Amino acid sequence: MFDDVIKFAPCEHDLEKKPEYWQSDTFKKRNHAVLESIKKVTGYYPTKNRQPIRVGVFQVADKTTIDELVGLSRKLKDWFKLDCFQASIDRVTNTAQMLFDFNEYDTGKSVHLNQSQQIVIGVTILRYLDLPRPKGAELWRRYFLAGQYADDPESFKKVLQKLKYKGFCKQDYTLLCDSLLHSMYMCQGLVK
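Residue 126 in our numbering sits at position 122 of the sequence shown, with consecutive numbering throughout.
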């Protein structure tokens with residue numbers, strides 16, 4: 005289900021430099037910094053099967069820019085501690101690649117994402133880049149609603165205000181209001 009949006013895989017090299025490319029660090033420098041930080045915190049270097057640097061690959065629209073990917077990377081760093089240090093867009097296949105540092109520098113451990121967090125990352129990508137929803141995304145409605153609420157807590161109230169003047173019959177209007185209010189309360193954590 006989550007793989008419909010983004011796929012993470014281990015990476016051991018810089019991204020290919022495409023015409024649309026951004027980097028804040030090289031793979032070699034970042035990998036060295038990660039290994040040294042792990043050794044500093046834990047007292048030893050990580051095992052070879054640890055994957056502190058991973059590439060995330062996903063489809064983008066024709067209009068998606070590298071600046072939008074950089075903005076997305078800031079959002080993912082704030083929410084999930086995933087630090088993107090390289091990004092590129094392949095216009096032949098309309099595929100974005102983002103190279104992430106999955107290391108928590110204060111603990112020396114890797115960032116682990118559960119299934120819900122992975123879905124939220126996918127929803128964040130879809131919402132931030134204004135991409136079409138893939139098959140199966142109808143099951144993610146609560147994540148889309150929670151994302152909308154996180155971006156603008158007043159958005160549900162604004163829609164309710166707009167609905168007042170649309171001329172719905174009382175029964176339809178009540179149903180719409182109840183649905184929106186329930187969504188808002190769910191996002192606030194007041195109901196399940």
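Where a beta carbon is used, it is the ideal one built from N, C-alpha and C, also for glycine.
Note that the coordinates shown come from a computational prediction; the quantities given were computed from them, not determined experimentally.
* Asked: Does the count of Cβ pairs from the stretch 40 to 54 and the stretch 69 to 81 closer than 8 Å reach three?
  -> Two segments are said to touch when three or more pairs of C-beta atoms, one from each, lie closer than 8 Å; by this definition the stretch 40 to 54 does not touch the stretch 69 to 81.
* Counting Cβ pairs closer than 8 Å, one from the stretch 53 to 62 and one from the stretch 7 to 24, do we hit at least three? -> Between the stretch 53 to 62 and the stretch 7 to 24, the count of Cβ pairs shorter than 8 Å is three or higher; the stretches touch.
* Asked: Would Asp-156 count as contacting chain B if we go by Cβ distances under 9 Å?
  -> Protein chain content of the structure displayed is limited to a single chain, and chain B is not contained in it.
* Asked: How many whole angstroms separate the CB atoms of Leu-103 and Gln-121, which I take to be in contact at a CB cut-off of 8 Å?
  -> Leu-103 to Gln-121, Cβ: 19 Å. No contact.
* Residues near Lys-196 in its chain [Cβ-Cβ closer than 8 Å; skip 5 each side] -> Excluding sequence neighbours, Lys-196 sits near Met-190.
* Hey, Ser-92 and Gln-101 are a contact pair by Cβ (cut 8 Å); roughly how many whole angstroms apart? -> With 8 Å as the limit, Ser-92 and Gln-101 qualify as a contact, their Cβ atoms being about 5 Å apart.
* **Neighbourhood of Gln-152 by C-beta distance below 6 Å, restricted to the same chain and skipping five residues each side** => Within the same chain, Ser-159 come within 6 Å of Gln-152 by CB-CB distance, once the 5 residues on both sides are set aside.
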